[in-house]
Amino acid sequence: MNPHSEPSKPSTDSNSAARPSDPTPSTSPRPTEPPAPADPRSASDPTPPARSAESSRPADSANTTTPSTPTEPADSSTPSDPSGPTHSSAPSDEAPAPPAEAQVTLRSPAELADALPYLMGFYPDDSVVLIALHGDRGRFGGRVRLGIPTDTAQWSDVADQLAECLISAGQERDARPEAILVYLCQEPAEGESGKDVKDRLRPLAQRLRTACGALDVPVLEALCLSNGHFWSYCCPDFRCCPAEGTPMVMPGTSVMAAAAAYAGMQVRGSLKEMEARLMPRTGRRAAEQEKVLDAAAGALVPRMLERDGAAAVRRATLDLAGAMIHRFRQDTPSGSNRARDACDDALITDAEAADLILGLQDRVTRDRAAEWMDGSVAAPALRLWRALARRCAGGYAEHAVAPLTLAGWVCWSTEDGPSARIALNCALSLDPDYTFAQLLHRAINEGLDPEPLRRCLREQNHAVVSSAEDAPAPAADSPSTDTRRPARRSRAAGRPRGPRGGTGPGTRSTNGRGRRRAGRDGDRSRR
Numbered sequence: 000m001n002p003h004s005e006p007s008k009p010s011t012d013s014n015s016a017a018r019p020s021d022p023t024p025s026t027s028p029r030p031t032e033p034p035a036p037a038d039p040r041s042a043s044d045p046t047p048p049a050r051s052a053e054s055s056r057p058a059d060s061a062n063t064t065t066p067s068t069p070t071e072p073a074d075s076s077t078p079s080d081p082s083g084p085t086h087s088s089a090p091s092d093e094a095p096a097p098p099a100e101a102q103v104t105l106r107s108p109a110e111l112a113d114a115l116p117y118l119m120g121f122y123p124d125d126s127v128v129l130i131a132l133h134g135d136r137g138r139f140g141g142r143v144r145l146g147i148p149t150d151t152a153q154w155s156d157v158a159d160q161l162a163e164c165l166i167s168a169g170q171e172r173d174a175r176p177e178a179i180l181v182y183l184c185q186e187p188a189e190g191e192s193g194k195d196v197k198d199r200l201r202p203l204a205q206r207l208r209t210a211c212g213a214l215d216v217p218v219l220e221a222l223c224l225s226n227g228h229f230w231s232y233c234c235p236d237f238r239c240c241p242a243e244g245t246p247m248v249m250p251g252t253s254v255m256a257a258a259a260a261y262a263g264m265q266v267r268g269s270l271k272e273m274e275a276r277l278m279p280r281t282g283r284r285a286a287e288q289e290k291v292l293d294a295a296a297g298a299l300v301p302r303m304l305e306r307d308g309a310a311a312v313r314r315a316t317l318d319l320a321g322a323m324i325h326r327f328r329q330d331t332p333s334g335s336n337r338a339r340d341a342c343d344d345a346l347i348t349d350a351e352a353a354d355l356i357l358g359l360q361d362r363v364t365r366d367r368a369a370e371w372m373d374g375s376v377a378a379p380a381l382r383l384w385r386a387l388a389r390r391c392a393g394g395y396a397e398h399a400v401a402p403l404t405l406a407g408w409v410c411w412s413t414e415d416g417p418s419a420r421i422a423l424n425c426a427l428s429l430d431p432d433y434t435f436a437q438l439l440h441r442a443i444n445e446g447l448d449p450e451p452l453r454r455c456l457r458e459q460n461h462a463v464v465s466s467a468e469d470a471p472a473p474a475a476d477s478p479s480t481d482t483r484r485p486a487r488r489s490r491a492a493g494r495p496r497g498p499r500g501g502t503g504p505g506t507r508s509t510n511g512r513g514r515r516r517a518g519r520d521g522d523r524s525r526r
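Residue numbers 0 to 526, in numbering that gives the first Met the number 0, belong to the letters of the sequence shown in order.
As structure tokens, then:
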């Protein structure tokens, strides 16, 4: 188990969830994503080493709602309660008071259980989730998620670390939680029932309640979600919480679901489904891809040893990536996620994938590729990075860190925080010291705006291109591969050569190797 943590700011809006003494919590349509999970080794570790734990930060009241942010069902200006928002009024001779914030009230454990995927942006299967509540009305605040450890001996330490991380993160920002909600989500193993899962996880639930209570923050409700049912660890009344469990409400029929639909939010499936889109190939196809990667790696060394070889490889990698993004733009698949991923895999050959995977290991190349993160190229770029991560088979598994980090960057840049966290968690599980992934993970958990980083990347590339324009003209006997391509790149207005019809004008090289590649890509594009 490699949990990681990232403390973040608690919510400061006026959304409500419940009083610690009130068994029927109410909450606003805008559950925010604050603090963070804990690392059993160090709750303050700023560089989470694995994907098994996640943390989130609540959005500020000024910028909490966007249609692509499923963890925030509504903002203060959008009435999301189907029963109608409430507004304050004032006499005509006085300035009108601002309207009261629309809220969604959760009145039972069933509604709390149904709200979990909307709070996280996905269903956190095989996870323990803690959510902080603030104020007299129980406003949703920070939340932490951690994969349930398979070793029960770790449960005590994990419970202490999770409770301390969530509570201390709020304390540091003068927003100590008033209460905490606990969720344990796990599907039955073979031969198990949902009730068996509930009984097996009861010691973990009790340890979490004890850990929170030791820090003077009570657990308002502790729920086990398994096999389409939920159980309460806090309610002893079998009339409302029967031993066989209570069926979950039908999807899409709850108050929270209505609020999320009104606000244009969506749940992106389960955690396992989202991670599966980033996992490497297995079986025969994986063995074939690994052989091609071996061959490409062997051919790359002589190229790098040539004069200006590194620059030539960077240009070739960015040109190929631009062509692939253009190809992906021309062929947008439909259907389920699995079907779309299969179509994307068919659009790129093993040799092309190998060249891109190896080329992206270079930091400069990766940073230039990161500029394909918004506008019309964001979606095809994300599809390409996911496809490349799936091609990092066998001994090349760690090479997936670069495309996974680029996928997380594009998701964050397009305001898909849950997908960004999952991609970055996968990257950090492979390489906990990967700086780019560390910085992005911290930025997301702190609720930072991605635009300054986008601007920094653009300015950095503009400086590189400007320095190339100011450089002295090459000697007449310089190789053709080192004289013409940089000049053409200087006309790209400070951006990498983009996909045709994308972020920059397309160009074709005139040397032999470039002709062969251009012809192949052109033929594939026309099909």
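For every residue, glycine included, the Cβ atom is placed at its ideal position computed from N, Cα and C.
{"Item": "With DSSP run on the structure shown, which of helix, strand or coil describes R283?", "Value": "helix"}
{"Item": "Is the beta carbon of A353 closer than 7 Å to that of A260?", "Value": "no"}
{"Item": "Once the 5 residues before and after P379 are set aside, which same chain residues still bring their CB inside 6 Å of it?", "Value": "I324, F327 and R328"}
{"Item": "Distance, Cα to Cα, G374 vs E189?", "Value": "46 Å"}
{"Item": "So, for D344: in the same chain, excluding its five sequence neighbours on each side, which residues have a beta-carbon less than 7 Å away from its beta-carbon?", "Value": "A386 and R389"}
{"Item": "Thinking C-alpha only, which one of E191, D135 and P202 is nearest E177?", "Value": "D135"}
{"Item": "Is L145 buried or exposed, if buried means 16 or more other CB atoms sit within 10 Å of its CB?", "Value": "buried"}
{"Item": "Closest to G212 by CA distance: which of A162, A168 and S167 is it?", "Value": "A162"}
{"Item": "Going by the beta-carbon positions, is the gap between P108 and C184 smaller than 7 Å?", "Value": "no"}
{"Item": "Counting along the chain, where does the beta strand (DSSP E) carrying V127 start and finish?", "Value": "S126 to H133"}
{"Item": "If you run the structure through DSSP and keep just helix, strand and coil, what is S269?", "Value": "strand"}
{"Item": "Considering just the uninterrupted stretch of the beta strand (DSSP E) at I443, what are its terminal residues?", "Value": "I443 -> not in any beta strand (DSSP E); alpha helix (DSSP H) instead, spanning T434 to N444."}
{"Item": "Name, in chain order, the residues that DSSP records as bridge partners for P449.", "Value": "Partner(s): none; P449 has no beta bridge."}
{"Item": "In three-state DSSP terms, what is V248?", "Value": "coil"}
{"Item": "Tell me whether S333 is buried or exposed, calling it buried when 16 or more other Cβ atoms sit within 10 Å of its Cβ.", "Value": "exposed"}
{"Item": "To the nearest whole angstrom, what separates the beta carbons of D113 and M255, a pair I think is in contact under 8 Å?", "Value": "6 Å"}
{"Item": "Buried or exposed, going by whether 16 or more other CB atoms sit within 10 Å of the CB of T149?", "Value": "exposed"}
{"Item": "The beta strand (DSSP E) with A178 in it runs from where to where?", "Value": "A178 to C184"}
{"Item": "With DSSP collapsed to three states, give me the class of A262.", "Value": "coil"}
{"Item": "With a threshold of 8 Å on Cβ separation, who are the neighbours of E289 within its own chain once the five nearest residues in sequence on each side are excluded?", "Value": "A392, G393, G394 and Y395"}
{"Item": "Measuring straight from C-alpha to C-alpha, what distance separates R313 and S269?", "Value": "37 Å"}
{"Item": "Return the residue from the list A131, V266 and L200 that minimises the CA-CA distance to Y117.", "Value": "V266"}
{"Item": "To which residues of the same chain is V128 closer than 6 Å at the C-beta, ignoring the five residues directly before and after it?", "Value": "R144 and Y182"}
{"Item": "Is A532 near L438, with beta carbons less than 7 Å apart?", "Value": "Nothing about residue 532 can be reported from this structure: the residues present for the chain run from 0 to 526 only."}
{"Item": "Select from F139, V363 and P246 the residue whose C-alpha is nearest the C-alpha of Q102.", "Value": "F139"}
{"Item": "Would you call the CB atoms of M273 and F121 closer than 7 Å?", "Value": "yes"}
{"Item": "Determine the DSSP secondary structure at A256, reduced to helix, strand or coil.", "Value": "helix"}
{"Item": "Got a sec? Which residues, its chain only, sit under 6 Å from Y232 by beta carbon, not counting five neighbours each side?", "Value": "A204 and A221"}
{"Item": "Apply the 10 Å Cβ neighbour rule to S335 and answer buried if 16 or more other Cβ atoms are within range, or exposed otherwise.", "Value": "exposed"}
{"Item": "Could you check the C-alpha separation between L115 and P301 for me, to the nearest Å?", "Value": "53 Å"}
{"Item": "So for W230, helix, strand or coil by DSSP?", "Value": "strand"}
{"Item": "Bridge partners of R302, per DSSP?", "Value": "Beta-bridge pairing links R302 to no other residue."}
{"Item": "For P66, count the other beta carbons within 10 Å of its own beta carbon; 16 or more makes it buried, fewer makes it exposed. Which is it?", "Value": "Low per-residue confidence applies at P66: pLDDT is 33, beneath 50, and the placement is therefore not dependable enough to give any value."}
{"Item": "From what residue to what residue does the alpha helix (DSSP H) around V363 run?", "Value": "R362 to A368"}
{"Item": "Does T502 pass the burial test, meaning 16 or more other C-beta atoms within 10 Å, or should it be called exposed?", "Value": "Low confidence applies to T502: its pLDDT is 42, below 50, so where it sits in the model is not reliable, and the reading given next is rough at best. So T502 counts as buried."}
{"Item": "Can you name, in chain order, every residue of its own chain whose Cβ lies under 6 Å from the Cβ of R206, other than the five neighbours on each side?", "Value": "W154, S155 and A158"}
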